[in-house]
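Trainee:
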Amino acid sequence: QVQLVESGGGLVQAGGSLRLSCAASGRTFSSFVMGWFRQAPGKEREFVADISWSGVIRYSTDSVKGRFTISRDNAKNTVYLQMNSLKPEDTAVYYCAARSDTRGYGDWGQGTQVTVSS
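Here the sequence shown stands for residues -8 to 109, where the numbers follow my numbering.
1. Go to Thr93, then tell me how far its beta strand (DSSP E) extends in each direction, as first and last residue.
2. The beta strand (DSSP E) with Phe28 in it runs from where to where?
3. Using only the alpha-carbon positions, how far apart do Leu9 and Gln73 sit?
4. Use the C-beta contact count for Val47: other C-beta atoms within 10 angstroms, 16 or more gives buried, fewer gives exposed.
5. With a floor of 3 residues, list each beta strand (DSSP E) that falls wholly inside the segment 24 to 80, ordered by position along the chain.
6. Apply the 10 Å Cβ neighbour rule to Ala89 and answer buried if 16 or more other Cβ atoms are within range, or exposed otherwise.
What follows is the structure, given as C-alpha cells:
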C-alpha cells in the first residue's frame, strides 16, 4: 500500500490557475502509475490524467487537454496537477490515486476541493 496526501486546492476565479500536489509514502513510489481523478457534485468520479514512472501520460478528455498538465517528481515521491484556464465546470473534489498491476487504482488520497467561481 501507499499513503497519499493531496494539497493545493482552493477557490479561484475562472481563468485562474492552481497546482495540486500529492505526496506519497509507503511502498516504492516508482512502482505505481499515479493518477488524478475528480468528482463534481452529483456526478460520478471521473478520470483526469495519469503518469507512469517513466513519464508516459494519458489525459481523459479534450476538456482538460491543453489546460491541465500532470507531472511527477520521483525523487520527492510527489505527483502534480497544474491546472490553468480554469472553468466553473472544473469545480470538483480532486483525488490522487496510485495504480499497480495487481491492485489497479487501489490506493486513494482524501481529496482536495477545487472551486472555480464565474
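We put the CB at the ideal spot given by N, CA and C, even for glycine.
Mentor: On the basis of the coordinates in this document:
1. Locating residue 93 in the sequence shown gives position 102, where the first residue counts as 1. No beta strand (DSSP E) contains Thr93, which DSSP labels as neither H nor E.
2. The residue you call residue 28 lines up with position 37 of the sequence shown. Taken as a continuous stretch (DSSP letters only), the beta strand (DSSP E) holding Phe28 covers Val24 to Gln30.
3. Within the sequence shown, numbered from 1, the residue matching residue 9 stands at position 18. Within the sequence shown, numbered from 1, the residue matching residue 73 stands at position 82. So the alpha carbons of these two residues sit roughly 6 angstroms apart.
4. To locate residue 47, count along the sequence shown from 1; it is residue 56. Classification for Val47: exposed.
5. 24 to 30, 37 to 42, 48 to 50, 59 to 64 and 69 to 74
6. Within the sequence shown, numbered from 1, the residue matching residue 89 stands at position 98. Buried, since its Cβ has 16 or more Cβ neighbours within 10 Å.
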